[in-house]
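**Q** Just so we're aligned: the sequence shown equals residues 9 to 68 in the working numbering. Beta carbons: idealized from backbone N, C-alpha and C, even for Gly. All values reported here derive from a predicted model rather than from experimental measurement. My structure is below; once you've seen it, I'll send some questions.
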Amino acid sequence: MKARRIAIDRGLSITGILGILDQAATMKLINLSTAIDNLQKTSFWASKSLLQRLLDKHNL
Numbered sequence: 009m010k011a012r013r014i015a016i017d018r019g020l021s022i023t024g025i026l027g028i029l030d031q032a033a034t035m036k037l038i039n040l041s042t043a044i045d046n047l048q049k050t051s052f053w054a055s056k057s058l059l060q061r062l063l064d065k066h067n068l
């Protein structure tokens, strides 16, 4: 989190993995459902409601 704080202090915008997946799906670069399924097979954690909102945003 130290790197995040430094980036913010220097005026950089922060985007997490879900934000990156959202942008990639919007640009039709990835299959969002598959990407989320693969992400859930790792140690990544996000609430089911957050993941569902992202899927709903893309009508999935």
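In this structure, how does DSSP classify L37 when only helix, strand and coil are distinguished?
**A** Position 29 of the sequence shown, counted from the first residue, corresponds to residue 37. L37 falls in the coil class under three-state DSSP.
**Q** For I44, count neighbouring Cβ atoms within 10 angstroms of its own Cβ and tell me buried if that reaches 16, exposed if not.
**A** For this step, residue 44 is matched to residue 36 along the sequence shown. By the 10 Å Cβ count, I44 comes out buried.
**Q** With DSSP collapsed to three states, give me the class of G27.
**A** In the sequence shown, the residue the question calls residue 27 occupies position 19. Of the three classes helix, strand and coil, the one that applies to G27 here is helix, per DSSP.
**Q** Helix, strand or coil, according to DSSP, for K10 in the structure here?
**A** If you number the sequence shown from 1, residue 10 lands on position 2. It is helical.
**Q** So for R61, helix, strand or coil by DSSP?
**A** Here residue 61 refers to the residue found at position 53 of the sequence shown. Looking at R61 - three-state DSSP - the assignment turns out to be helix.
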